[in-house]
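Report on one structure; see the data block that follows.
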Amino acid sequence: MTLAEARDARWFGPLAVTLCVGIPLLLLAITITNLARWSAANAEVNTAAGHLAQVESRIRAEAGRPAPTRGDLSALYLTAETGSLARAELQQRLAGLVERAGGRLIEVRGDEAPDTAPQRSIQLRLSLDIGNEGLFDLLKAVETGLPLLTVEAVNIHPVSGRSTGSEEANPALRVALAIRGYRRESTQ
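Numbering (the working numbering), first residue to last: -4 to 183.
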């Protein structure tokens, strides 16, 4: 086929127009698609960088706290010298934890053992109203904080007046807790 015959062909003209217009349009579409992908990836990178900055600030805050040395175990114990003072200290700490978790303390009862017998552990029984999320925060604070506190018993009921079948995101609960704190043996 000669060049003259090719020019006479009807498909050569539309093919040339299609190639001259279509290829740049195709390249433009690919470029726009790639720019959109890069923009989405940049947004994800910025989100991840923000999250990493938050994690880094938490790590720096924790690193700035003085860590107890291996030989210093005083942070594990209540600081009070007598049993009644230890009960008062434990009650104060627990009241603060309940308040920070968004609960309402109803009653606190303690072991009424005389101070003449040395006690290494103090147990308090708490009754409180708290939401479901607040209960998780309270239990986490009790179990992971210092001084060492242990949860001996938990009894949970929905607050009276609410149906047990209702589906709430953060239902009000009546909680009875038994929590034990420890004090150092007296060296006297």
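All residues carry an ideal CB built from backbone N, CA and C; glycine is no exception.
Using the DSSP secondary-structure output, state which residues sit across from D124 in a beta bridge.
R99 and R169
Select from Y177, R99, L14 and T77 the residue whose C-alpha is nearest the C-alpha of P142.
Y177
Quick check on DSSP: helix, strand or coil for E51?
helix
Evaluate A96 with the Cβ neighbour count: other Cβ atoms within 10 Å of its Cβ, from every protein chain shown; 16 or more gives buried, anything less gives exposed.
buried
Taking all protein chains shown into account, do 16 or more other C-beta atoms lie within 10 angstroms of the C-beta of L133, making it buried, or fewer, making it exposed?
buried
Under a three-way DSSP split, which group does S155 fall into?
In the three-state DSSP reduction, S155 falls in the coil class, being neither helix nor strand.
Report yes if the CB atom of I117 is closer than 8 Å to the CB atom of A81, and no otherwise.
Yes. Within cutoff.
Nearest to L100 by CA position, among C15, I27 and R169, is which residue?
R169
Taking 8 Å as the cut-off, decide whether the C-beta atoms of G105 and L119 are in contact.
yes
Is the distance from the Cβ of R175 to the Cβ of E147 below 8 Å?
yes
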